[in-house]
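**Q** In this note's numbering, the protein residues as written are 262 to 756.
There's a structure below that I have some questions on.
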Ligand code: BES
Ligand code: MN
Ligand code: ZN
C-alpha cells in the first residue's frame with residue numbers, strides 16, 4: 262500500500278473516494294463543508310434526509326457525485342462536534358476502512374486527520390490512519406488456493422495543511438515502519454508450527470539482518486547454550502526434534518557507550534505441554550506461543566526502519582515443547598544458567614524455563630532496562646481477558662513509562678502486583694524453586710519466578726497470553742504488543 266501526504270486543496274483533487282467526517286446534529290467537518298459547497302449541498306441534503314446520523318462509526322458511501330472530479334465520497338460519523346477521544350478517533354478509522362472491503366476503489370483521499378483529537382498532534386493522527394488501515398488490510402492467505410484479497414486499494418493519501426507538513430510526514434514515516442513491523446509479527450505468528458520452527462525463526466532474523474545493516478544477528482546453537490550452562494532452556498528442547506535457537510539481534514543506533522534496552526520474546530513455536538500434555542481442544546492455538554519472539558522481530562524492524570537513536574538488543578529463546586522419551590518429566594530437577602536449581606512440577610510451565618536462562622544471559626549486555634514479552638499463562642486470560650496485556654516488574658519508572666506508551670499506542674496494559682508474599686508459592690522441597698506456584702494467582706507466580714532471574718537490572722514482564730492473537734471465528738494474530746513497544750522506543754528516543 263502506498264501512503265502519501267496531500268496538501269493540495271480539496272476541490273482540485275482527483276480520487277476514487279474522498280473520506281470526510283460529519284458530526285451529530287447535521288454538523289459538518291471543514292472538509293465536508295468544502296465538498297458540500299462544491300456539490301450544491303449534496304452532503305447537507307443527505308444529512309437532512311437522515312441517511313447518516315453522524316454517530317461514531319456510522320458510514321455512508323455516496324457512489325455518484327454529479328459534476329465533480331470526485332468519483333465517490335465516504336461520509337464517516339465522528340459523533341459530537343467536539344475534540345474526539347483517541348478511542349473514538351480510532352473507531353471512526355476502522356469504520357471507514359471497512360467500507361472499502363469488496364469494492365473496486367483503488368485510490369482514497371482521507372481527511373480524517375483534520376479532526377481534532379484530545380492531546381494528539383498531526384503526527385500521531387496521521388500515523389494512526391496507517392496503523393488502523395494496515396491492520397484491516399492484513400490477511401494471512403499464504404496457504405489458501407484462493408488468494409483473492411478483500412480490497413482493491415492501492416493508494417491512500419492523507420490530507421494535511423501546509424503548516425503541518427513536517428509533522429504529517431513524520432507520521433507517515435513512523436506509521437509505515439510500525440505497520441511493516443506489525444505485519445512481520447502477524448505473519449510469523451500466523452504461520453503454522455510445521456513451517457515456523459525455531460530454525461525458521463532464526464532464518465527470518467538473519468534475513469532481517471541482511472535487509473538492515475544496522476541489525477547484527479547472532480544465533481546461539483544448542484552447543485553454545487550448553488557451554489553457557491543454560492540447563493533450564495535446553496531441558497525444554499530436549500523433548501523436541503527441532504533444535505532450540507537463541508536468536509540475538511543487536512541494533513546500534515545510539516552512542517557506542519549508551520546502555521541498551523533489552524527486549525526478550527518467548528519463542529515457543531509450538532507448545533503441546535510436554536509430558537504434562539495439554540488437552541486437544543484449541544491446542545492448535547499453541548502455534549501462537551512464539552508471539553513474544555515475533556514481537557521482538559517486528560519491533561526491531563520498526564526501530565531499524567525509523568533509524569531510532571537507541572541501542573537495542575533483542576533476544577528470542579526459541580524451542581518446541583513436545584512429549585518425548587527424552588522430554589522433561591514432572592519431578593525433574595534442572596540447573597539454570599544462574600546456578601539456581603528448578604524442580605519441574607509441570608512440564609507445561611516451559612516458557613519460564615526458557616526465559617530464566619535468557620534473563621541471566623541478558624546481564625552481559627549491561628542493560629538499561631529489560632522488557633520480556635511472553636504468552637506465559639492461561640491465568641492471564643482468566644484475570645484480564647483479551648483487553649490489556651498483563652504488566653509486572655521490579656521498577657516503577659519502567660512500568661509507568663510502559664503504561665504511558667500503552668495509552669498513546671492504544672495497546673493497553675494492566676499492572677499486577679509482584680509482592681514478595683507470592684514468592685512463597687514457588688517453594689520446592691527439593692530445589693531452589695519450583696516451576697509452578699499452584700492454582701492461585703498464576704500470572705503473578707509466573708512473574709515471581711522470572712523476577713528471581715532479573716534481580717540485577719530494571720525489568721518488566723508483559724504477559725500477552727490474552728492479547729497476541731484472537732480466538733474464534735476471527736482467529737489470527739493481532740501484532741500486539743508491537744504498537745506499545747515501538748511507542749515506548751519512540752518515547753525513549755525523542756520523548
Ligand atoms: N503457553 C502457555 C500459556 C497459554 C495458555 C497462553 C493458553 C495462552 C493460552 C504456557 O506455556 C502454559 O502452558 N502455561 C501453563 C502454566 C501452568 C502449568 C502453571 C498454563 O497457563 O496453564
Ligand atoms: Mn506451556
Ligand atoms: Zn507455552
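Even for Gly, the Cβ is constructed at its ideal location relative to N, Cα and C.
Is residue 608 near the ligand ZN, in the sense that its beta carbon is under 8 Å from a heavy atom of that ligand?
**A** Flag unset: Cβ of residue 608 not near the ligand ZN.
**Q** Keeping to the same chain, check which residues put their C-beta closer than 6 Å to that of residue 601; ignore five residues upstream and five downstream.
**A** 693.
**Q** So is residue 633 buried or exposed if we call it buried at 16+ other beta carbons inside 10 Å?
**A** With 16 or more Cβ atoms within 10 Å of its Cβ, residue 633 is classed as buried.
**Q** Confirm, please, whether the CB-CB distance from residue 654 to residue 724 is below 9 Å.
**A** Contact: no.
**Q** To which residues does DSSP link residue 710 through a beta bridge?
**A** None; residue 710 has no bridge partner.
**Q** Nearest by alpha-carbon distance to residue 544: which of 552, 531 and 554 is it?
**A** If we check each option's Cα against that of residue 544, 531 comes out closest.
**Q** Any heavy atom of the ligand BES closer than 8 Å to the Cβ of residue 212?
**A** Because the chain is modelled from 262 through 756, residue 212 falls outside the range shown and cannot be assessed.
**Q** Tell me the residue span of the beta strand (DSSP E) that contains residue 633.
**A** Element bounds for residue 633: 630-635.
**Q** Label residue 310 either buried or exposed according to how many other C-beta atoms from any shown protein chain fall within 10 Å of its C-beta, with 16 as the threshold for buried.
**A** So residue 310 ends up on the exposed side.
**Q** Starting from the C-beta of residue 740, find all residues in its chain whose C-beta is less than 6 Å away, skip the five residues before and the five after it, and write them out in chain order.
**A** Answer for residue 740: 443, 446 and 447, listed in chain order.
**Q** Could you pull out every residue in the same chain whose Cβ sits closer than 7 Å to the Cβ of residue 660, ignoring the five residues on either side in sequence?
**A** For residue 660, where only same-chain residues beyond five positions count, the Cβ hits under 7 Å are 652, 654, 676 and 721.
**Q** Ends of the beta strand (DSSP E) at residue 513?
**A** 506-513 is the span of the beta strand (DSSP E), which, as asked, contains residue 513.
**Q** Mind checking whether the beta-carbon of residue 581 lies closer than 8 Å to any heavy atom of the ligand MN?
**A** No.
**Q** Measure the C-alpha to C-alpha separation of residue 282 and residue 338 and round it to an integer number of angstroms.
**A** Going by the C-alpha atoms only, they are around 6 Å apart.
**Q** Roughly how many whole angstroms lie between the Cα atoms of residue 509 and residue 357?
**A** Rounded to the nearest angstrom, the two C-alpha atoms are 40 Å apart.
**Q** Considering Cα atoms alone, identify which of 276, 270, 318 and 296 is closest to residue 284.
**A** Out of 276, 270, 318 and 296, 318 has the C-alpha closest to the C-alpha of residue 284.
**Q** For the ligand MN, I want to know if residue 590 counts as a neighbour, meaning its beta carbon is within less than 8 Å of at least one of the ligand's heavy atoms.
**A** Outside the cutoff, so no.
**Q** Please classify residue 682: does DSSP put it in a helix, a strand, or coil?
**A** DSSP places residue 682 in helix when its eight states are reduced to three.
**Q** Note down the Cα distance separating residue 316 from residue 341, rounded to an integer number of angstroms.
**A** If you take the alpha carbons of residue 316 and residue 341, they lie about 8 Å apart.
**Q** Nearest-angstrom Cα distance between residue 622 and residue 586?
**A** Residue 622 and residue 586: Cα-Cα distance of roughly 29 Å.
**Q** Would you report the Cα separation of residue 520 and residue 470, rounded to the nearest angstrom?
**A** When rounded, the distance between both Cα atoms is 21 Å.
**Q** Over what stretch of residues does the alpha helix (DSSP H) that includes residue 587 continue unbroken?
**A** Here residue 587 belongs to no alpha helix (DSSP H), and DSSP marks it neither H nor E.
**Q** If I'm right that residue 569 touches residue 754 with Cβ under 8 Å, what's the distance once you round it to whole angstroms?
**A** With a Cβ gap of about 5 Å, residue 569 and residue 754 count as contacting.
**Q** Do residue 840 and residue 419 have their C-beta atoms closer together than 9 Å?
**A** With the chain covering 262 to 756 only, the question about residue 840 has no answer from this structure.
**Q** Can you give me the Cβ contacts of residue 433 inside the same chain, cut-off strictly under 8 Å, excluding the 5 residues immediately before and after it?
**A** The answer, listed in chain order, is 264, 265, 266, 387, 388, 391 and 419.
**Q** Using a Cβ-based criterion (distance less than 8 Å to any ligand heavy atom), does residue 593 qualify as near the ligand MN?
**A** Every heavy atom of the ligand MN is 8 Å or more from the Cβ of residue 593, so no.
**Q** Check residue 739 in the structure and name its three-state DSSP category.
**A** Three-state result, residue 739: coil.
**Q** Can you tell me which of the three DSSP states residue 477 falls into?
**A** Strand at residue 477.
**Q** Look at the alpha carbon of residue 684 and the alpha carbon of residue 704, and state the distance between them as a whole number of angstroms.
**A** The straight-line gap from Cα to Cα measures roughly 12 Å.
**Q** Kindly identify the DSSP beta-bridge partner or partners of residue 665.
**A** Beta-bridge pairing links residue 665 to no other residue.
**Q** Going along the chain, which residues of its own chain have a beta-carbon closer than 8 Å to the beta-carbon of residue 504, five neighbours each way excluded?
**A** The answer, listed in chain order, is 459, 460, 482, 483 and 498.
**Q** Hey, could you find the ends of the beta strand (DSSP E) residue 581 is sitting in?
**A** It spans 572-582 - the beta strand (DSSP E) in which residue 581 sits, taken as one unbroken run.
**Q** Taking the C-alpha atoms as reference points, what is the distance between residue 347 and residue 279?
**A** For residue 347 and residue 279, the distance between alpha carbons rounds to 22 Å.
**Q** Could you check which residue in 698, 733, 731 and 571 has the C-alpha nearest to that of residue 756?
**A** Nearest option by C-alpha distance: 571.
**Q** Below 8 Å on the Cβ atoms is my contact criterion, and I expect residue 450 with residue 738 to pass it. Report the Cβ-Cβ distance as a whole number of Å.
**A** Rounded, the Cβ-Cβ distance is 4 Å, consistent with contact.
**Q** Could you tell me the alpha carbon to alpha carbon distance between residue 690 and residue 547, rounded to whole angstroms?
**A** Roughly 31 Å between the two C-alpha positions.
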